[in-house]
Amino acid sequence: MNVPDVSIVVPVYNTMPYLTECLTSLVEQTIGADRMQIVAVDDGSTDRSGAELDRFAQRYPDVFTVIHQANSGGPAGPCNRALEAATGRYVFFVGSDDHLGRDALRRLVAAADTYGSDVVLGKVVGVNSRHIYQDIFARDEPDLDLFDSPLPRSLANTKLFRRELLERHAIRYPEDMRIGSDLPFTLEACYRARRISVLADYDYYFAVRRFSATNITYLSRHLERLRTVEAIVAFVAKLIEPGRQRDAVLLRRFDHEVARLLEDDFLRLDRDVQARIHEGVGRLVADHLNDDIAAGLGAETRIRMALTRDGELDDLLAVIRQDARRGAPGTLVEDGRWYARYPGFRDPRRRLPDSCFELTAHPDWAARLDATGLDWETDERGRRVLVLTAHSPVPDLSALGADRISVSAEEVPAEVNVVAGDDTGTTVRITFPAAELVAATTSTGRRRIISAQTGAFDVTRAPGAVSATGAAGAMALRAPGLRRPRPLVLRRGARFSALTCTVEGSGRLMVSVVPLTPQRVGAHIRRILRKRG
Numbered sequence: 001m002n003v004p005d006v007s008i009v010v011p012v013y014n015t016m017p018y019l020t021e022c023l024t025s026l027v028e029q030t031i032g033a034d035r036m037q038i039v040a041v042d043d044g045s046t047d048r049s050g051a052e053l054d055r056f057a058q059r060y061p062d063v064f065t066v067i068h069q070a071n072s073g074g075p076a077g078p079c080n081r082a083l084e085a086a087t088g089r090y091v092f093f094v095g096s097d098d099h100l101g102r103d104a105l106r107r108l109v110a111a112a113d114t115y116g117s118d119v120v121l122g123k124v125v126g127v128n129s130r131h132i133y134q135d136i137f138a139r140d141e142p143d144l145d146l147f148d149s150p151l152p153r154s155l156a157n158t159k160l161f162r163r164e165l166l167e168r169h170a171i172r173y174p175e176d177m178r179i180g181s182d183l184p185f186t187l188e189a190c191y192r193a194r195r196i197s198v199l200a201d202y203d204y205y206f207a208v209r210r211f212s213a214t215n216i217t218y219l220s221r222h223l224e225r226l227r228t229v230e231a232i233v234a235f236v237a238k239l240i241e242p243g244r245q246r247d248a249v250l251l252r253r254f255d256h257e258v259a260r261l262l263e264d265d266f267l268r269l270d271r272d273v274q275a276r277i278h279e280g281v282g283r284l285v286a287d288h289l290n291d292d293i294a295a296g297l298g299a300e301t302r303i304r305m306a307l308t309r310d311g312e313l314d315d316l317l318a319v320i321r322q323d324a325r326r327g328a329p330g331t332l333v334e335d336g337r338w339y340a341r342y343p344g345f346r347d348p349r350r351r352l353p354d355s356c357f358e359l360t361a362h363p364d365w366a367a368r369l370d371a372t373g374l375d376w377e378t379d380e381r382g383r384r385v386l387v388l389t390a391h392s393p394v395p396d397l398s399a400l401g402a403d404r405i406s407v408s409a410e411e412v413p414a415e416v417n418v419v420a421g422d423d424t425g426t427t428v429r430i431t432f433p434a435a436e437l438v439a440a441t442t443s444t445g446r447r448r449i450i451s452a453q454t455g456a457f458d459v460t461r462a463p464g465a466v467s468a469t470g471a472a473g474a475m476a477l478r479a480p481g482l483r484r485p486r487p488l489v490l491r492r493g494a495r496f497s498a499l500t501c502t503v504e505g506s507g508r509l510m511v512s513v514v515p516l517t518p519q520r521v522g523a524h525i526r527r528i529l530r531k532r533g
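Here is the structure:
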């Protein structure tokens with residue numbers, strides 16, 4: 001019996017109708033049916049997913065292996081069951097609501113064979129405005145270093161793995177993790193790999209943003225996410241010795257998973273949950289957040305984390321309320337050091353150390369902008385433009401080393417004019433031509449983080465374009481209490497797109513471009529009708 005080149009693992013739970021497109025993209029792969037095996041595990045689906053798997057298995061019996069099991073509560077168990085049945089030289093994991101480019105598997109296997117790679121990551125693009133960080137896909141990288149690259153923030157399992165590597169090191173998904181189990185799996189595989197390669201020359205993987213409410217990651221709650229990040233940090237500490245390499249991985253965990261626990265939606269949690277999150281994050285910060293890791297965090301994130309360690313719950317809540325409802329506080333420049341005047345700063349009743357609020361080593365504070373006005377307008381050239389008015393907490397930007405401020409929606413720069421400055425800060429006017437946002441967007445749509453940075457625009461520093469928080473001197477715009485305008489519909493050639501502004505639970509301001517196709521409009525109408533009952 002021939003050994004297939006690649007086994008495709010598909011864990012499935014209630015993903016119709018997305019599952020059909022996923023499976024169709026697999027059977028249409030140019031690598032050919034004789035070179036691949038598809039192992040799909042139905043984890044107790046209650047919709048038509050199980051029947052759809054059986055339908056494909058009946059049509060392609062030489063390709064499909066379908067396993068039905070009782071619901072396990074997460075994707076770890078189904079992935080492990082599929083690995084037990086896999087026979088290919090390589091293994092590739094696909095979310096059952098996602099799909100592949102037709103030539104993806106052929107290209108991935110060819111690259112692994114050519115370079116001798118144990119892990120290969122192909123370019124991932126978002127569908128339905130799903131946000132995917134693109135820094136890892138700047139160029140092809142035949143031999144990527146795990147620790148000196150963006151890879152620590154791109155540890156989803158949507159990669160090609162040499163199966164011999166997984167078996168030799170007994171690498172499996174931790175089944176006690178309901179969410180996030182792919183991160184320790186992928187991290188260990190990358191850590192033990194002889195070579196990791198990245199392919200940026202083709203759209204390999206289409207990650208779909210689902211509009212239904214059954215995706216387990218979308219549904220996860222704060223306490224579950226806390227337990228997950230505690231397990232991940234403990235796994236990293238056990239796998240990697242203390243030092244630069246461990247710090248590189250932990251920086252991305254604090255920057256992403258831990259930081260998400262302290263975003264603006266923290267204010268909506270029950271008091272008991274808030275207290276448990278405050279205590280749990282405080283332990284992580286005390287045990288694992290050293291000065292080198294803290295230096296890589298944005299100012300907002302570092303201040304909030306410092307207050308989980310050095311402050312009470314009410315101190316943290318006061319800072320988050322300030323950001324979410326009133327915007328950035330003032331800035332104190334004293335003896336060459338900078339401090340954020342958040343509630344609690346030098347309050348004799350709180351006795352919080354100045355270090356909690358210090359900004360001296362965080363040049364991104366000069367790029368902190370709160371949007372105070374937002375609307376679609378027509379400029380003097382007749383263009384439809386998105387116009388933002390924003391406020392910086394810094395009265396004199398040059399005092400913090402910022403001779404100018406640049407703003408972008410990731411890779412799309414805006415026109416920026418400083419309007420005025422006074423004792424309370426600096427006001428700027430920001431203009432995005434709508435046509436440029438549409439022109440930079442593919443047919444799958446795109447959500448972009450709007451951010452500011454000190455100095456001239458540099459796409460490699462923009463949050464979202466290359467990383468979660470961007471490089472030093474850059475920060476995502478916030479929109480505390482801002483009224484957002486109605487969507488703008490814009491035509492470009494034969495294509496119509498809707499442009500909308502949204503604010504994430506983190507408080508970040510984003511602009512979305514969504515192509516208006518008949519299928520998308522129909523799905524939107526059906527969602528409205530379902531909500532109305």
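What the sequence shown shows, in the UniProt record's numbering, is residues 1 to 533, in sequence order. All C-beta atoms, glycine included, are put in the ideal place defined by N, C-alpha and C.
Excluding sequence positions up to five before and after residue 126, its CB lies within less than 6 Å of the CB of 132 and 207, all in the same chain and listed in chain order. The Cβ-Cβ distance between residue 74 and residue 181 falls below 8 Å. Residue 478 is positioned such that its CB atom lies closer than 8 Å to that of residue 370. The beta carbon of residue 285 lies closer than 7 Å to those of 305, 308 and 309 in the same chain, with the five residues before and after it left out. Per DSSP, the unbroken beta strand (DSSP E) holding residue 391 starts and ends at 384-392. Of all alpha-carbon atoms in 116, 297, 495 and 43, the one lying nearest the alpha-carbon of residue 80 is that of 43. Taking the C-beta atoms as reference points, residue 514 is found no nearer than 8 Å to residue 438. Here residue 443 is exposed: its Cβ has fewer than 16 other Cβ atoms, across all protein chains shown, within 10 Å.
Looking at the DSSP output, residue 501 shares a beta bridge with 511. For residue 475, the pairing in a beta bridge is given by DSSP as 452.
In this structure, DSSP gives residue 340 an extended state, which the three-state scheme calls strand. If you ignore the 5 residues before and after residue 456, its C-beta comes within less than 8 Å of the C-beta of 404 and 406, all in its own chain and listed in chain order. In the three-state reduction of the DSSP assignment, residue 308 falls in the helix class, which pools H, G and I.
Around residue 436, the same chain offers 412 as residues with beta carbons nearer than 8 Å, after the five sequence neighbours per side are excluded. Pairwise C-beta distances place the stretch 29-46 in contact with the stretch 60-77, as three or more of them are shorter than 8 Å.
The residues 370 and 480, in chain order, have a CB closer than 6 Å to that of residue 327 in the same chain once the five nearest residues on each side in sequence are set aside.
Taking the Cβ atoms as the reference, residue 429 lies roughly 17 Å from residue 393, outside the contact range of under 8 Å. Between the alpha carbons of residue 234 and residue 283 lies a gap of roughly 12 Å.
Judged by beta-carbon spacing, residue 118 lies beyond the 8 Å limit of residue 70, meaning their Cβ atoms are not closer than that value. Nearest C-alpha to residue 239 among 492, 260, 187 and 261: 187.
Comparing alpha-carbon positions, the option among 316, 92, 377 and 301 lying closest to residue 359 turns out to be 301. Each residue's CA atom was taken as its position, placing residue 433 and residue 454 some 21 Å apart.
The C-beta distance from residue 487 to residue 498 rounds to 5 Å, short enough to meet the 8 Å contact threshold. Judged by DSSP in its simplified three-state form, residue 103 adopts coil rather than helix or strand. Between residue 391 and residue 421, the gap from beta carbon to beta carbon reaches 8 Å or more.
Per the DSSP secondary-structure output, residue 68 pairs in a beta bridge with 42. Shown here for residue 289: same chain residues with a beta carbon closer than 7 Å to its own, the five before and five after excluded, namely 254 and 305 in chain order. Under the DSSP assignment, residue 224 falls in the alpha helix (DSSP H) whose first and last residues are 222-239. Residue environment for residue 417: exposed (fewer than 16 other C-beta atoms within 10 angstroms of its C-beta).
If you look at residue 20, you'll find it in the alpha helix (DSSP H) that goes 18-27. Cβ neighbours of residue 295 within its own chain (closer than 8 Å, five residues either side excluded): 361. The stretch 46-57 makes no contact with the stretch 81-90; the number of CB pairs closer than 8 Å stays below 3. The C-alpha of residue 446 lies about 14 Å from the C-alpha of residue 408. Contact between the stretch 241-254 and the stretch 169-178 is absent: fewer than three C-beta pairs spanning the two stretches fall below 8 Å. Shown here, residue 355 sits in a helix according to DSSP, grouped into three states. Between residue 484 and residue 374, the gap from beta carbon to beta carbon is short of 8 Å.
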